[in-house]
Structures are given as C-alpha cells and as structure tokens.
Amino acid sequence: MATISIIVLVIVVFCSVTRNAVYFCDSQVVDCSESDIKALIEFKNGLNDPDDLLYSWKSSNCCLWLGIGCDNSSGAVISIDLHNPYPEGFTGIIPPELGNLSSLQYLDVSSDFSSLSVENFQWIQGLNSLKHLDLAQVDLSLVGSSWFDILQKLPFLTDLYLSACGLSGSLSSHKLVNFTSLAAIDLSFNTFESTFPNWLANVSSLEYADLSYCNLNGRISLGLSELPSLSYLNLAGNNNLSASSHKLFGGSWTNIKVLDFSSNKLHGKLPDTIGNMTFLTDFSLMSNNLNGGIPSSIGKLCNLVHLDLSGNNLTGSLPEKLVGSQSCASKTLLPSLVRLWLSNNKLVGKLPEWLGNIPNLMELSLNYNLLEGPIPDSFGTLKNLTDLGIGGNKLNGTLPENLGQLSELTIFDVSDNQLSGFVTEVHFMKLTKLRILHLSSNSLILNISSDWIPPFQVVNLDLGSCNLGPSFPVWLQHQRMVKFIDISNTTISGPIPQWFWEMTSNLSLLNVSHNLLTGQIPNPFEVTPFADIDLSYNLFQGQIPLPSVEIELLDLSRNKFSGPIPPNISELMPNLVFISLSNNNLSGEIPQSIGDMLILEVIDLSENFLTGSIPFSIGNCSYLKALDLGHNNLFGPLPSSLGQLLQLQSLHLNNNNISGEIPVSFKNLTNLQTLDFGDNRLSGTIPSWLGNGLTFTSLGIIRLRSNAFFGVIPAKLSELSSLQVLDLAYNNLTGSIPASFGHFRAMEEEWKINKFLQFGFYRGAYYEESLVVNIKGSFQKYTKILSLVTSIDLSKNNLSGNFPAEITNLRGLVVLNISGNQISGHIPENISNMHQLSSLDLSSNKLSGVIPPSMSLLSSLGYMNLSNNNLAGRIPYTGHLSTFDNSSFAGNSGLCGAPLIEKCKDDEDSVPDLNQDNTEDNKEIDDAFIDNLAAMNWI
C-alpha cells in the first residue's frame, strides 16, 4: 500500500512540473503496450544510469515509470521527459529502438551535464506524431547533415530544441523547407558556419527562434519582421551577421517582445520606427557597428524592461526629451524600464534630466562615452537604482549630495571623469547596500572626519587619484568585507597603520602606489592566495617583503628597499606572473631559483645594485615577455639559455658589465621588439642573423652602443621592416655605412600613429617600454612617444667611405648621428627630403664640398652640428639655417660667411650683426620635437 502511495505522489508531482501532464494525469492509469515496453527497455539498456534515476522502470506497466506519459485511452506512450538538471546524468548512446514509439508526441532528454549521444538519426522518422523534441546538449555531431531533412518531415513538429548539440554544416543550403507547424526553434551554441537561413522568414507559425552563438554570417532576412506571431528572436553572438538597422527595424515586428542582435555587425542609424514595437520588453543591440543618435521614440516603449545599446559607435547627444510617454497606461516615462545600458559608445553632450525620472530603473550604465556637464540632481530620486555606472566620461562639477539617498545602490562608479569638489559623509548617508565604490581618476577631495564609520561594507574600493591625504584614511579599518583596494596616487603619506595590515588577509588586490608612504612592510604580509600587490612609487624601506601565500603580481618598484632578493622567492610565489623590483637599492646576486617561477611574463629588476652573472635558469621562464635587468652591476657572458624565451618581446640588459659575444641561440627570439645591450663590454662582430627580416618581423629597437663590437655593420639589418631605432654608437666598427640603410621601411614613413609600447599585460599591470636616445647632443629618455622616435646613431666608431646618398630616402627619420667617424664625400643635395629630421650630427668626419642650400628647408631641425669637417664655400645662412650659431659650423677651414667671422672672397657686404640675440628663437626650434609632445606628458 505504501508503494502505491509513493507512485501516486510521484505522478502528482510529475504532473505539476511537466508539459505532458495533460496526456495522462486526468484519468485512471492504463496499461501500455508490449511493443512500447520493449522499446523503452532497449532505450534504458543503452544508457549508463549511475544514480539509478530509472529505478522505477521495472514494473509491467510503463505508464507508471518515471518520466513516461501515456494516452488515457489507448495506453500508448506519448511522452518521455527525462530532462536532467543535475550534475550526474545519463551517459551513453540513444538507441534507434526509440523510433518504434509511433505515438510519441513529447521527447525531452536534454541535460546540462549528461554525455548522451546519437549516432544515427534515422529512427526519428518513425515518430510521426512528435510535437516537441528537446535534445539540448545531446551530442549529435555524428549524425551529419541528414538531421535537418529528417526533422522537417515530421508533420506535427511544433517545438525543436537542439542547443549545443555539436551540429555543423550549412543551414542555408536547404531549398525545400516544410516546417508547417513549427512554433519554436533553438539551434543556439552550434557551429554551423553558415549564411543566414532565409527560409526561417517563411515559417509563418514561428513564435520563438534562438539561433545565437552558432557561427552564422551574411545578411539577416528582413522578412523576419513580418512574421505575425514571432515574439522572441535571439541571434546574439554570431559576430558576422549584418543588416541595415534602418531597414531591419523598419518592418512590422507586430508581436515581438524579445529582440537580441548583440555581438554582430548591424550598421547604420536607429530609426524612429523602433518606437512602434510597443510589446518589446527586452532589446539588445550590444557590440555592433551602429552609429548616429538614439531616437527619442524609445519613449513609446511602455513595456520595455531591458535596453542594451552598449559597445557601438553611437554619437550625438542623448535625446533632450523622449516622446510617447502619454501612450503608456501609467502616463509615466518608460514605466517598465529596469536596465538601461549605453556604455562604450561615443555619446556626447549633457546627461538629460529624464534619466532621473524613470520610476523603476535599477541599472544605469553610461560608462566610457564622451558625456560632459554635471550629474543631474534628479539622479538622486532614482529610489530603485542598484547600479550606477557613469565612469569614463568628461563629466564635471561636483558630486550631488542626494546620491547618498539611494538606499538600494550596490554599484557606484563615477571614475575617470573631471569631477571636483568635496565628498563628505552626506554622499554616503544611506548607502547601506553599497558593495562597489569607484571614484578614481577625478579631482575629488574626501573631506571625512577621522571618527566616521561608513554605513556600507564594500567589496571593491577604488579611490585612485582622489585626494585622501595627508593621513592614511582611518575609516578603512571598518571595511571588513573589502577584497579589492586601490588608493594609489591619493596624496597619503607616512607609515601604514598596523590595523591595516591586520585586515589585508582578505585582499585580492592592494594598490597603494604613487604616494609618499614610509616605513617597513610586515614580512611576511597577509593576503589571499593569488592576490595582486602594488606598493610601487613610495618611500618604503627594509628588505623585500614577501607574502604569506603565493600571489600572482608583485610590484615594489621605485622605493628604498635594500638587501638581497630572497633566495626562496620561488618557493613562496611559484605562480607569480609579474614581478617588478626596479629602482630600489637591492644588492647581491639574482637567485637561481627565479627560474623556477615558470609562468612569469614580466621580470623587471633594473636600476639596482645587483651583482653576479645572469642566472642560466631564467631560460626556463618560457612565458616571459619582458626581461629588464638594466642598470645593475651584472657581469659574465650572456646565457645562451635566454634564447629559449620564444615569447620574449622586450629585452634590456643595458648598463652592466656583461662581456663576450651575442649567443647564436638568440636568433630564436623571433618575437623581439626591443633589444638593448647598450653600455656593456660585449665584443665580437654584430651577427648577420640579427638582420633576418623574415625572422625578426617586429624588431623595432636595436641598441648596442658603448660596447666593443668590431667589424663591419651587417647590411642585412636593412631587411628589418619594423626597425625604428638603430644605435651602434661608441664601438669599434669599421667599413662603410651600408647603402641599403636608405631602405629602412619604418623610417621611410613620414607620419606615424603613436602606440604605447607595453608588454606583459596582466590584470591592469604591464611593463612599459622606455629607451634613452642621444638627441640634440644630450640623452633623452622616451616612454610615451617612443613609437614616434626614429633614430640612427653610428657615432664614435671607425667608419669610412662616402656619406650614402640613399640615407636621404628616410623621410621619417628624426635623429641622424654619424659623428666621430671618418666619413667622406659630400652632403647630398636632396637631404632636404628628410622633412622629419629634428637632430642632425655629422661632426668630426672628413666631409667635403659645400653645404647644400636646400638644407635651409629642413624646418623641423632643432639641432645641427657640421663642425670639424672639410666643408667649404659660403654657408647658405638663410631660412632655417639662420637659426644656428657659429658652433654648428666651426672647424671647417673652407667655410665662410655668416655666422662665422670669416668673410667670403666675393663678399662685398658688411658682416651681419652677430651679436643679435637669437637665443629664444634657437631654443624654440631646438625643442620643436620634444617640447610639443612633452606638454602632453608623453615623454
């Protein structure tokens, strides 16, 4: 009796949750046929059922089995519902005997976790009564393309769900499509790689269609908008579907409620006809190529709950007013709207007041646009708002105090704007649910009393570049849930309080960089595993502090840490990805154990007092992208093991005492962009393989100055198509300057687009490339505009031969220095083609002939030195050359005329007044290249 009660209870529960309940739950239980039992037993035997979910499939009446529904009159099996949302599901192959259930109308064996598969789809043809088929996440990859033709022959098929089944091939190649009853189709998360199936627009009964994330391409059929019953359409994530938005949304869309075209290639402007889709509840066009403005007609969408237009190229201002709110029953603006996402566009202008009048708005995202002006006071009345994201704009003014009244707010992001003024306790008065607070990169001043206890417990706190100082913010000690803290560049100074180090055990991110913090760091200090720690640009002292657990990012650069690098550093941080200890006072040797940190991408130990040889073990760090050991006291040869660093992009070993030759293994460093071995004791010839343009396709900087290299300069270097800086100065090189140097492709381009040279990106941290270049007679360090610098420096060698006229092809060259050699011949007349030339030093050579008059046209030239040569004739002291004084021409006994005191023989005019003060003019010209860009803080 108890068994019967349990069976009845199972049936009642099953009837309440399954779609096929109508088939068998309203009448008495009937017996099923022997043929149906046999088919089901075959089906069960083909499955692996580790949790014995089919325990009830033992009795003689299959109508009582779990998941089985029968016709109340005939007893025929008409429903199988074995969908499984649990981690342990069925595995195995669905046997073809299931096709013997000729009365089956409902079949659902979908699962989020099982490993069911179908090898042959022919058995489906026997299910002539089938209306509902759900095989989501059942592996159909072996059935080939026949599945489509088989399914469309099922005359009563209404619902088809084949999501994530491993289907492939074409959806658009089928010419005759006969889904006469189809109401719902889901083919999402397959890999069709097909053009859009236009036949879909001919299925007049269609109500629901999900073809998202299945590699469709081509044009979306405009006929979809005319399907009279279509209420749900999802084509998201195909990436290559296109359509004119004006045409696509100009159709009827009579009953549409959900439209998702996100992550595709829709283009054009949004038309006003969008306001005609009055049943629309969810509308997502995220990550397309839309442009133009947002139509004011969206005010007619009274049922709209979610609008996502983020990640496009929308321009113009947000509509000052929306039209159509009077058509809504509530007579209010967008009464149903809960989420409004417009981030990552190019919207300009001010934030309109109506944004603060949307009654049920919970999420507002306008991050990363070009919006300006103040934050409207009306935002403080959005009582349901949980997420406020307006960061990454040009908003100015002060932060409205009434934002502190938004008691439901969990995310508060106004970072990266131009906000100013004071932030007080009032701004946070009722923010008890706040979990994410981002105020960074503004000019805000937190004017908060030392005894303030915040009403919130944030998890993520970013106040970078706000003014918190000078004292360390005491109120932080009350934040017991915080996991991410960024208080970098906040003018705080002095030691970090002990209570702060007691709360860091919960931190996954700690950034206190760019302050004036002093004292020592607890050693070890407590953080959570795999945390990111940035203490750079402070005044911390003592030995290198290490964490109590392994972390992934450690930046202690530009402090006053001293002593050796801990030899056990790899034991404590085996999974470190980024380490920078540069610009400290570290001494001792680099521990061999650093090579045990196998996933390091950035090692920067530059600007210290490290000694010893470069550890051979560094060659084990196969993921390394940037290695900087420059400006230390390292000695010994270059380890050949560094040639194993196949992903290396930036290599700085400059300003050490490294000796020997460049190992041949370095020819394997095919991803190099920067090679800086300058100011060492390296010798031998410059290897010709370094000029293999097919191997070093990205090599942009070669700096070997101040070593002991000898021999000729390899002409093959001209094959390096990306080379922009070549510095071989202060060596013992001989021979002539290769004529092929006039074909450096990257130096021929006159105009370049600045790109930041940054390597090893990891969670917002990176190694930023910098380089010292000899320009205008002095050394200048370039960082932000390094990609704009083009330079050839061959000075202080023993080079001879003529000045190669081919050099004048380098129209984009900024710096040319061949001084201190034995170069002879004439200065080419067409040197005036080098329009970008800012610094030219040809001094201390054996150049002869006249100074070409065309040099007066070099308007960018800020520094020129032609002294100590054998030049002769009248100086063409006109145009731009008239800005240089006599030091630029001294030591050429044959030169005459201004600005020199020597008169030319045919000079009948008086000597010009050489006492005229051109100092300011010269200074402006000398700094033409640097100062204009330095004003932008690029150097």
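FYI, in mature numbering (1 follows the signal peptide of the UniProt record, and there is no 0) the residues of the sequence shown are -21 to -1, 1 to 918.
Here a beta-carbon is modelled for each residue, glycine too, at the ideal position from N, C-alpha and C.
All figures in this text were calculated on a predicted structure; none of them were measured in a lab.
Item, Value
"Contact with chain C by P331, beta-carbon distance below 8 Å", "Absent from the structure: chain C. Only one protein chain is present."
"Candidates P503, L321, A308, N554: closest to N292 by CA position", "L321"
"I544 (DSSP reduced to helix, strand or coil)", "coil"
"Stretch-stretch touch, CB-based, cutoff 8 Å, three pairs: the stretch 28 to 44 with the stretch 85 to 103", "no"
"Entirely enclosed beta strand (DSSP E) segments - the stretch 68 to 147, minimum 3 residues", "70 to 72, 85 to 87, 94 to 96, 111 to 113, 138 to 140"
"Nearest-angstrom Cα separation, counted from N562 out to S827", "47 Å"
"Cβ-based neighbour list, V97, same chain, cut-off 8 Å, excluding 5 preceding and 5 following", "I72, I73, L114, V117, D118, L119, L121, V122"
"Separation of L319 from N218, as counted between CA atoms", "22 Å"
"Three-state class that DSSP yields for P526 in the structure shown", "strand"
"Rounded Cβ spacing between N848 and N871 (contact assumed at less than 8 Å)", "5 Å"
"Buried/exposed call for D430, threshold 16 Cβ in 10 Å", "exposed"
"W730 to Q703 span [Cα, whole Å]", "13 Å"
"Residue burial classification, R742 (beta-carbon count within 10 angstroms, cutoff 16)", "exposed"
"Neighbour-count burial assignment, W232, 16 or more Cβ in a 10 Å radius", "buried"
"Inter-stretch contact at 8 Å, needing at least 3 Cβ pairs: the stretch 694 to 708 / the stretch 637 to 646", "no"
"S817 and G841 closer than 8 Å at C-beta", "yes"
"N753 - DSSP class collapsed to helix/strand/coil", "strand"
"For S191 and A143, the rounded distance between their alpha carbons", "10 Å"
"V691 vs T674 beta-carbon contact at 8 Å", "no"
"C-alpha gap between K310 and L166, whole angstroms", "40 Å"
"As assigned by DSSP and simplified to three states, the class of L350", "strand"
"Residue from K226, S94, C281, N587 with nearest C-alpha to C307", "C281"
"For D366, the three-state DSSP class (helix, strand or coil)", "strand"
"Residue interval of the alpha helix (DSSP H) (run including I20)", "13 to 24"
"Which residues DSSP lists as bridging Q397, in chain order", "N375"
"Simplified DSSP state of F720, which is helix, strand or coil", "helix"
"Cβ pair P526, V556 closer than 8 Å", "no"
"S585 beta carbon less than 8 Å from that of H610", "yes"
"CB of H859 within 8 Å of CB of N788, strictly", "no"
"Whole-angstrom distance between N659 and residue 922, CA atom to CA atom", "The structure shown has nothing for residue 922, since the chain only spans -21 to 918."
"Continuous beta strand (DSSP E) assignments of at least 3 residues falling wholly in the stretch 607 to 669", "614 to 616, 629 to 631, 636 to 639, 653 to 655, 660 to 664"
"Rounded C-alpha distance that separates P338 from L312", "8 Å"
"Proximity of L80 and D15 at Cβ, strictly below 8 Å", "yes"
"Selected residue, minimal CA-CA separation from L343, among S53, V393, P298", "V393"
"Which listed residue (M552, D655, S662) has its alpha carbon closest to that of G639", "S662"
"For C4, the three-state DSSP class (helix, strand or coil)", "At C4 the pLDDT is 44, less than 50, meaning the model places this residue with poor confidence; the figure from the coordinates comes in the next sentence. Note: C4 maps to coil in three-state DSSP."
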